[in-house]
Amino acid sequence: MPLRIRLLPLLSAMMLAGCALPYGLHTEGRALDANTLAGQDTFSSARLCSASWPAADWWNSLGDSNLDALIRRALQDSPDLQVADARARQASASVMAAEAARMPTLDASVGITRNARVDDYNGQGKQYGTVRTMSANFNYTFDLWGGQRAAWEAAVGRTNASEVDRQASRLTLATNVARAYNDYGEAQAMYDLAQQDLKRTHTMLGLAYRRFTAGLDSKFQYQQTESLEAAAQATLTAARQDVTAAGIRLAVLLGQGPDAASALPRPQLIAPTVVSLPSTLPAELLGRRPDLI
50 MPLRIRLLPL LSAMMLAGCA LPYGLHTEGR ALDANTLAGQ DTFSSARLCS
100 ASWPAADWWN SLGDSNLDAL IRRALQDSPD LQVADARARQ ASASVMAAEA
150 ARMPTLDASV GITRNARVDD YNGQGKQYGT VRTMSANFNY TFDLWGGQRA
200 AWEAAVGRTN ASEVDRQASR LTLATNVARA YNDYGEAQAM YDLAQQDLKR
250 THTMLGLAYR RFTAGLDSKF QYQQTESLEA AAQATLTAAR QDVTAAGIRL
300 AVLLGQGPDA ASALPRPQLI APTVVSLPST LPAELLGRRP DLI
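Take 50 as the starting number for the sequence shown in the working numbering and just add one per residue.
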């Protein structure tokens with residue numbers, strides 16, 4: 050063997066040894082110490098709060114029985130939620146099927162057959178033959194490559210995903226109904242204000258006309274008052290359209306016709322409240338994000 054070939058392993062080992070560091074490999078970057086990050090002045094005015102997480106039926110805390118009834122009706126009659134429930138049940142059935150495929154099976158059968166004999170050689174007649182059978186079959190497939198477990202885990206994942214979709218659809222629908230209900234009440238309140246404003250400007254126009262005919266005001270001042278009444282009338286028309294549109298949106302969420310909102314009691318405006326969060330935000334907070342589960 051040539052000398053160069055015999056020295057090749059030795060030279061390779063020497064080259065690799067030259068690349069090694071005697072003190073080992075270490076990262077160059079260093080993580081910042083949280084204690085070195087100053088924030089006392091920024092968070093000194095923050096107040097701790099003992100608020101808890103909202104309940105599943107959070108709308109009950111708003112104190113409006115009409116809203117409670119509307120949300121319950123929407124959750125019960127919504128086609129989207131019915132589809133989501135059906136998908137969740139279908140996914141649960143697939144988990145049971147995947148779990149059954151991993152289990153051993155045992156089949157047993159028992160049978161009795163009785164037939165009249167045709168070959169009556171002794172001339173006795175009325176002779177019968179009876180055959181009794183019994184069988185058992187045990188079957189178990191070893192999951193050597195993990196395919197059955199993977200199928201089961203996939204079915205469980207689909208079930209969890211369908212449940213998340215169902216809960217997300219429920220939360221979205223309840224939120225939209227509460228928002229549409231409040232918008233409907235606000236639209237009616239704005240319509241009342243527009244009516245009051247039109248009545249006020251109509252009174253002002255009458256006074257302006259009397260002052261104009263009495264020579265106390267100019268025609269220009271009277272025309273300004275007329276423009277105010279026209280603007281108030283336009284505002285009232287727009288407010289009436291807003292009431293109709295808000296009522297239709299609420300009726301659609303309830304699965305009803307456009308006239309359903311007009312038959313409802315007048316909504317109570319939801320009083321604004323300060324939204325509070327718990328003082329501590331644990332890692333379980335991620336479990337309340339349907340898009341992260």
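Beta carbons are placed, not taken as given, at the ideal position from N, Cα and C, and that holds for glycine.
Sequence-distant residues of the same chain with beta carbon closer than 8 Å to residue i, five excluded per side
i    : result
R315 : G234 and Q237
A123 : L222, A223, V226, L302, L303 and G304
Classification of residue i by the beta-carbon crowding that lies within 10 angstroms, buried from 16 upward
i    : result
G112 : exposed
N186 : exposed
S211 : buried
G196 : exposed
A147 : buried
G296 : buried
R298 : buried
C-alpha distance - residue i paired with residue j, whole-angstrom precision
i    : j    : result
T221 : I120 : 11 Å
G154 : E202 : According to the sequence displayed, residue 154 carries Thr and not Gly. So the two alpha carbons sit approximately 21 Å from each other.
A227 : L277 : 35 Å
A105 : A223 : 10 Å
L318 : A229 : 11 Å
A135 : D214 : 12 Å
Q282 : A320 : 29 Å
T286 : M239 : 11 Å
A312 : A288 : 19 Å
H251 : Q245 : 10 Å
A280 : S114 : 38 Å
A157 : N188 : 12 Å
S127 : R138 : 17 Å
D241 : T91  : 45 Å
G306 : K248 : 33 Å
R163 : A200 : 46 Å
T179 : W194 : 48 Å
D232 : A300 : 12 Å
R260 : Y271 : 8 Å
G264 : Q273 : 16 Å
Simplified DSSP assignment, three categories, for residue i
i    : result
S141 : helix
F191 : coil
R207 : helix
L318 : coil
G178 : strand
S346 : The requested residue 346 is not part of the displayed model; the chain covers only 50 to 342.
S267 : coil
G304 : coil
G112 : coil
L218 : One point to set straight first is that residue 218 is Ser, not Leu, in the sequence displayed. Three-state result, S218: helix.
Own chain residues within Cβ distance below 7 Å of residue i, not counting five before or after
i    : result
D117 : W108 and N109
E275 : L254
Cβ separation of residue i and residue j, assumed to be a contact under 8 Å, to the nearest whole Å
i    : j    : result
A309 : L303 : 6 Å
T182 : S141 : Actually they do not touch by this definition, with Cβ atoms about 39 Å apart.
A243 : T284 : 5 Å
Beta-carbon contacts of residue i that lie in its chain and below 6 Å, excluding the five residues immediately before and after
i    : result
S379 : A query on residue 379 cannot be resolved here, the shown segment of the chain reaching from 50 to 342 and no further.
V159 : M183
Contact with chain C by residue i, beta-carbon distance below 8 Å
i    : result
G195 : The displayed structure is made up of one protein chain only, and chain C is not part of it.
Near the ligand FAD: residue i beta-carbon under 7 Å from a heavy atom
i   : result
D90 : This structure does not include the ligand FAD; it has no bound ligands of any sort.
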